[in-house]
Amino acid sequence: MAEISNHYADSRKAIVERLEFAGYRAAFLPYSSIARITEIYDALSENSGNTEFIQGTVNHFHSKLPPDIPFEPLSFLITAYPCPEWDIRLNYKGGQVTLPIPPAYIDPDAPTRRRLKEARDAVAKDHQMTETHGVSIKLLAVLSGLGKYGRNNIFYSNDFGSYCTLEAYFTDIPCENRECTASFMDICEGCRLCEENCPTGAIGAHPVIDVTRCLTMLNESNDPMPDWVPRDAHHALIGCMRCQDVCPANKTARTWDRGHIELDEAETEALLSLPPEDPPRELTHKLKEFGMSEWQIMNVNGRNARLAIEARGLL
Numbered sequence: 001m002a003e004i005s006n007h008y009a010d011s012r013k014a015i016v017e018r019l020e021f022a023g024y025r026a027a028f029l030p031y032s033s034i035a036r037i038t039e040i041y042d043a044l045s046e047n048s049g050n051t052e053f054i055q056g057t058v059n060h061f062h063s064k065l066p067p068d069i070p071f072e073p074l075s076f077l078i079t080a081y082p083c084p085e086w087d088i089r090l091n092y093k094g095g096q097v098t099l100p101i102p103p104a105y106i107d108p109d110a111p112t113r114r115r116l117k118e119a120r121d122a123v124a125k126d127h128q129m130t131e132t133h134g135v136s137i138k139l140l141a142v143l144s145g146l147g148k149y150g151r152n153n154i155f156y157s158n159d160f161g162s163y164c165t166l167e168a169y170f171t172d173i174p175c176e177n178r179e180c181t182a183s184f185m186d187i188c189e190g191c192r193l194c195e196e197n198c199p200t201g202a203i204g205a206h207p208v209i210d211v212t213r214c215l216t217m218l219n220e221s222n223d224p225m226p227d228w229v230p231r232d233a234h235h236a237l238i239g240c241m242r243c244q245d246v247c248p249a250n251k252t253a254r255t256w257d258r259g260h261i262e263l264d265e266a267e268t269e270a271l272l273s274l275p276p277e278d279p280p281r282e283l284t285h286k287l288k289e290f291g292m293s294e295w296q297i298m299n300v301n302g303r304n305a306r307l308a309i310e311a312r313g314l315l
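With our numbering, letter number 197 in the sequence shown gets 197, and the count goes up by one each step, no holes.
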């Protein structure tokens, strides 16, 4: 039995070391942690000011248990890799307007994901893995020890701040019983910068942010933008960067080179006119190349760009 246990420990160590050598961060979490995860989900309604949305999230989580996969899950493998902020540069009426695209939305480097899969599969070829579903990957990452929450409820990697992308997998690799506490970063103690700079007041007294007021959630929805949202809150093509921009934990990540997408005046006009019945193929292809989904392009990117330009008094 000890030999079997040592074999699996060696497998986990080899997978983590291989991924870290390739530039990723990785950790295992026992599947038995699903009991603690269930407790956290079931307590969400008490810790949030938005019961309806949270209850929908809780119901979705429970509907995915047990996971419908072809093997018994014994652990989670969670991975993180750095992802810098990008900009979209809009050429408009003879000038240029630059809007941020938060790290969570951009994926111009498809080879990064391919290298992650290749590095993982090379070491884990004798084991079964499949992507997780129904459970928050950032919660898995926090419980695994890869990082902690910020007061803004965003995940912060120990190495990359909030400028990172997470992926998680069910695996058939046994893992010792261990999990970290789901808690805020130490730097959050006594710091209120994200709360003070939240443009819509979504960050406040509750441990869980008020998603009904979160600009990120509003920018991701194709519902009409509420009238109560301040005009100067609009600044991004998608999501929101206000809390991440001021966070001390992102001091290093903010120095990383930023990539950019540039649209000429014709492409900018096409973006601002979205959603048309037949969007220009070139524009759609360009935005898809950098990780924008077709749904986002067709339903929210044009509206968000118009609102951000209006906030600058240019439209």
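Note that CB positions come from ideal geometry on N, CA and C, so glycine has one too.
| Query | Result |
| --- | --- |
| Distance between R312 and Y92 (C-alpha atoms, nearest Å) | 12 Å |
| Alpha-carbon to alpha-carbon, S293 and Y156 | 24 Å |
| Local conformation of Q96 per DSSP, three classes | strand |
| Cβ shell of R115 (< 7 Å), same chain only, five flanking positions each side left out | A22 |
| Range of the contiguous beta strand (DSSP E) that encloses G302 | G302 -> not in any beta strand (DSSP E); alpha helix (DSSP H) instead, spanning G302 to A311. |
| Candidates L193, C214 and L271: closest to A202 by CA position | C214 |
| N91 in three-state terms, based on DSSP | strand |
| Backbone secondary structure at T284 - three-state DSSP | helix |
| For C194, the three-state DSSP class (helix, strand or coil) | helix |
| Touching by the beta-carbon criterion (3+ pairs, under 8 Å), the segment 141-155 and the segment 223-240 | no |
| Span of the beta strand (DSSP E), counted from its first residue to its last, around C164 | C164 to T171 |
| Check whether E167 and T252 have beta carbons under 7 Å apart | no |
| Residues near E196 by beta carbon distance below 7 Å, same chain, minus five either side | none |
| Expected contact under 8 Å - CB spacing of C243 and C191 to nearest Å | In fact, because the Cβ distance is near 11 Å, the residues do not count as touching under 8 Å. |
| 7 Å Cβ cutoff, E195 in contact with chain B | In the displayed structure, chain B is absent; only one protein chain is listed. |
| Buried/exposed call for T165, threshold 16 Cβ in 10 Å | buried |
| Length at least 3, wholly inside the segment 177-262: the beta strand (DSSP E) runs in chain order | none |
| Inter-residue Cα distance where the pair is P100 and L237 | 6 Å |
| CB contact flag (H133, T171, <7 Å) | no |
| Short Cβ contact (7 Å threshold) for I209 with P248 | no |
| contact_flag[the segment 299-312, the segment 259-276] where n(CB pairs < 8 Å) is 3 or more | yes |
| Neighbourhood of S63 by C-beta, 8 Å cutoff - its chain only, sequence neighbours within 5 removed | G134 |
| Beta-carbon gap between P82 and F160 smaller than 7 Å | yes |
| K148, enclosing beta strand (DSSP E) - first and last residue | G147 to Y149 |
| K148, buried or exposed, once every other Cβ within 10 Å from all chains shown has been counted against 16 | buried |
| Residues bridged to W86 (per DSSP) | I101 and G259 |
| Beta-ladder partner(s) of T79, from DSSP | A26 and E167 |
| Proximal residues to T268 (C-beta, below 7 Å), its chain only, five neighbours per side dropped | L90, N91 and Y92 |
| Unbroken alpha helix (DSSP H) run spanning S157, endpoints | Looking at the DSSP string, S157 is not in any alpha helix (DSSP H); the run it does join, the beta strand (DSSP E), is F155 to S157. |
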